[in-house]
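Working notes, beginning with the structure itself.
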Amino acid sequence: MQFGHFWKCLVFLALVSPLAQATPPKEQKQEQDAASAQSEPDRTPRVPTFRIDGDLAGHLQSFKTHYEDTFASIGSRLALGYLELVKANPGVDPWLPGEGTTITLPRQYVIPDDFRRKGIVINLAEYRLYYFTDDGDVQVYPVGVGTDENPSPLTDAKVTMPLESPAWYPPKSIRAAAEASGGYLPKMIPPGPDNPLGTHALLLSEKGYLIHGTNKKFGVGTPVSHGCFRMYNEDISRFVYQVDKGTPVQIVRDPVKIGMSEGEVWLEVHRPHEKYPQEERDLLWQKVTEEVEAFRKKHPGVEMKRRAIELAVDQGAGIPTMIGEQVARMAADDTAEKKTPKKAEKSDGGSELYF
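Note that the sequence shown covers residues -22 to -1, 1 to 333 in mature numbering (1 follows the signal peptide of the UniProt record, and there is no 0).
Right under this line is the structure:
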């Protein structure tokens, strides 16, 4: 969101009286230490930290719902986005999944070559922020991004400043839009529960854009903002302390990601919205065809499975699908099978090669 200036937190230093400097009894000191530990904010990331194996990270998880659960509430609780849960669980009502329904938590990711694997990468097509640690691992957060009318920029930027309890100065365009719809926005919204920037923010070098919290958590993981990137307050309040000033930020739109891990080729396809009309499937199929062909040229010893590719496109679920293998690996597997006699099985055609 674009804005003028931010409030900065003021730090006040209190003088310590001589009485306070006296050494307390052992029991009192233990109580003070315990109270201090309880008052310290928890800055442990809510999301897992995954090791990257080739071009693949993480693993799928499952969750059994309770009667009062919705995908929005589950996402808020488990640090996942609304749309990624919808896409990963076709046929399940996102607002009434029901008691005891097992749903998929999409926590497996293809890390393609065009991700720089340094600092922050935001992929608008999947509503996710990737943070690559200094150890070479990755954390993945859901984010709200810009709408079609107010898109987020595709650019390279840097983190310039972390902000705590930011105030928001709505630009004239947003205030005018609010008035046109019968609403009202003041020139400044102070820190607090009604502030759209939430509890913390990261100011970016791309003028007017931030990664920030929100006062509307159910918009995280959807196209909902004026171009900024919304995180859950529970995530951004920890994340700002992980990220250094100058951290690079790469913003891309990659609905199709392809990579390799341990000789297997993995494809991840993201449909753009909750609904999936045929014209969008056709566009994604064209994009997938181009990506697969480019991957084959880069890795000539790879064979692809057409049915697996078709399934990934038809679902657009944003879940990595194994679509091929290196020829050398397949030959080794065939040799091992010949040495181990087994009953013939009826083929389902899954070994059909693509291209």
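Even glycine gets a Cβ: it sits at the ideal position worked out from N, Cα and C.
{"Query": "Buried or exposed (CB count within 10 angstroms, at least 16 for buried), M166", "Result": "exposed"}
{"Query": "Per DSSP, cross-strand counterpart(s) of N101", "Result": "R106 and V230"}
{"Query": "Unbroken stretches of the alpha helix (DSSP H), 4 residues or longer, contained in the stretch 21 to 106", "Result": "49 to 56 and 60 to 66"}
{"Query": "Environment of K235 [buried if 16+ CB atoms lie within 10 Å]", "Result": "buried"}
{"Query": "Per-residue DSSP class, three states only, for residue 411", "Result": "This structure cannot settle anything about residue 411, because the visible part of the chain is limited to -22 through 333."}
{"Query": "Limits of the beta strand (DSSP E) - the one that Q304 falls within", "Result": "T299 to Q304"}
{"Query": "4-residue-minimum alpha helix (DSSP H) runs that sit fully inside the stretch 231 to 293, ordered along the chain", "Result": "256 to 276 and 284 to 293"}
{"Query": "Uninterrupted beta strand (DSSP E) stretches inside the stretch 108 to 140 (no shorter than 3 residues)", "Result": "116 to 120"}
{"Query": "Cα-Cα separation, D33 to T27", "Result": "15 Å"}
{"Query": "DSSP-derived helix/strand/coil call for A156", "Result": "helix"}
{"Query": "E212 (DSSP reduced to helix, strand or coil)", "Result": "helix"}
{"Query": "Pair within 8 Å by beta-carbon distance, residue 334 and S130", "Result": "Residue numbering for the chain in the displayed model covers -22 to 333; residue 334 lies beyond these limits and cannot be assessed."}
{"Query": "Cβ-Cβ distance between V88 and W244 below 8 Å", "Result": "yes"}
{"Query": "Distance, Y105 Cα to V64 Cα", "Result": "13 Å"}
{"Query": "Which listed residue (L74, T267 and L141) has its alpha carbon closest to that of K223", "Result": "L141"}
{"Query": "Rounded separation between G199 and Y147 - CA only", "Result": "24 Å"}
{"Query": "With 16 other Cβ atoms within 10 Å as the buried cut-off, status of A35", "Result": "buried"}
{"Query": "Nearest-angstrom Cα separation, counted from G69 out to M238", "Result": "30 Å"}
{"Query": "Under 8 Å between C-beta atoms of E212 and R21", "Result": "no"}
{"Query": "For I81 and A154, the rounded distance between their alpha carbons", "Result": "42 Å"}
{"Query": "Buried/exposed call for G54, threshold 16 Cβ in 10 Å", "Result": "The question names Gly, but residue 54 is Ser in the sequence shown. Looking at its Cβ environment, which holds 16 or more other Cβ atoms inside 10 Å, S54 is buried."}
{"Query": "Between the CA atoms of Y219 and L188 - distance to the nearest angstrom", "Result": "15 Å"}
{"Query": "Rounded straight-line distance, which links the Cα of P278 to that of E271", "Result": "10 Å"}
{"Query": "Element boundaries [beta strand (DSSP E), containing I189]", "Result": "L188 to H190"}
{"Query": "Between the CA atoms of R231 and N101 - distance to the nearest angstrom", "Result": "5 Å"}
{"Query": "A295 - partner residues in DSSP beta bridges", "Result": "H248"}
{"Query": "Residue closest to S183, alpha-carbon to alpha-carbon, out of M209, K136 and E62", "Result": "K136"}
{"Query": "C-alpha gap between F49 and Y108, whole angstroms", "Result": "22 Å"}
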